[in-house]
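Student: Position one of the sequence shown corresponds to residue 1 (full-length UniProt numbering), numbered consecutively onward. Note that CB positions come from ideal geometry on N, CA and C, so glycine has one too. Bear in mind that the values here come from a model prediction, so they are computed numbers and not experimental data.
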Amino acid sequence: MTVKPIPEGQHSITPYLGIKDASKAIEFYKKAFGAIEMFRLDGPDGRVGHAELKIGDSSLMLADPCDMEGSLKASQTISAPAVGLHLYVADCDSVYAQAIAAGATQLHPLQDQFYGDRSGTLKDPFGNLWFISTHKEDLSVEEIRARAAKMFGGN
Numbered sequence: 001m002t003v004k005p006i007p008e009g010q011h012s013i014t015p016y017l018g019i020k021d022a023s024k025a026i027e028f029y030k031k032a033f034g035a036i037e038m039f040r041l042d043g044p045d046g047r048v049g050h051a052e053l054k055i056g057d058s059s060l061m062l063a064d065p066c067d068m069e070g071s072l073k074a075s076q077t078i079s080a081p082a083v084g085l086h087l088y089v090a091d092c093d094s095v096y097a098q099a100i101a102a103g104a105t106q107l108h109p110l111q112d113q114f115y116g117d118r119s120g121t122l123k124d125p126f127g128n129l130w131f132i133s134t135h136k137e138d139l140s141v142e143e144i145r146a147r148a149a150k151m152f153g154g155n
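1) Can you grab the Cα-Cα spacing for the pair residue 144 / residue 42, in whole Å?
2) Taking the Cβ atom as the reference point for each residue, do residue 110 and residue 93 lie within a distance shorter than 8 Å?
3) Taking only three categories from DSSP, how would you classify residue 136?
4) Please say whether residue 37 and residue 22 have beta carbons closer to each other than 8 Å?
5) Confirm, please, whether the CB-CB distance from residue 117 to residue 133 is below 8 Å.
6) Could you name the residues of the same chain whose beta carbon sits closer than 7 Å to that of residue 91, not counting the 5 residues immediately before and after it, in chain order?
7) Measure the alpha-carbon distance for residue 81 versus residue 75 and round it to whole angstroms.
8) Going by DSSP, what residue range makes up the beta strand (DSSP E) through residue 106?
9) Assign residue 12 to one of two classes, buried (16 or more other C-beta atoms within 10 Å of its C-beta) or exposed (fewer than that).
10) Helix, strand or coil, according to DSSP, for residue 54 in the structure here?
11) Along the beta strand (DSSP E) that carries residue 123, what are the first and last residues, could you check?
12) If you count every other CB in all the chains shown that lies within 10 Å of the CB of residue 19, and 16 or more means buried, which is it?
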């Protein structure tokens with residue numbers, strides 16, 4: 001039997017977040033986005049050493065930060081996130097409202113975007129940005145560029 005280089009259920013790139021109180025983040029992601037806990041390994045101190053969640057058809061990995069060289073730092077310690085998570089769902093309005101009810105903060109309200117998505121931005125209680133979207137229109141590159149130019153005052 002040949003072992004696949006990418007494990008079953010995984011994609012080539014999977015976000016891996018360092019979050020202080022990762023166990024609380026896991027519960028938030030379950031409430032906000034319907035995450036399913038696929039695997040969890042807690043350390044002897046009770047902190048999350050590694051966890052894998054499934055949200056839709058994708059995985060999200062997270063852990064409590066530790067002091068080992070090369071390990072993740074807590075997202076809460078960064079003044080402005082350098083990375084955001086883009087979540088496509090069938091009904092962004094209901095997921096967006098569900099995430100806010102679970103404790104997320106609205107940064108940009110949902111609105112129809114020039115590139116064919118309905119999208120809005122949230123910040124979770126752990127400092128991570130989430131772009132919640134539903135794809136509404138299939139557009140060509142030319143159509144997107146034309147809409148962008150019109151929106152931003154270009155040609």
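Tutor: If we stick to the structure as given:
1) Looking at the two C-alpha atoms, the distance is approximately 46 Å.
2) For residue 110 and residue 93, yes; Cβs fall inside 8 Å.
3) coil
4) no
5) yes
6) 134
7) 7 Å
8) 105 to 112
9) exposed
10) strand
11) 117 to 123
12) Buried is the call here.
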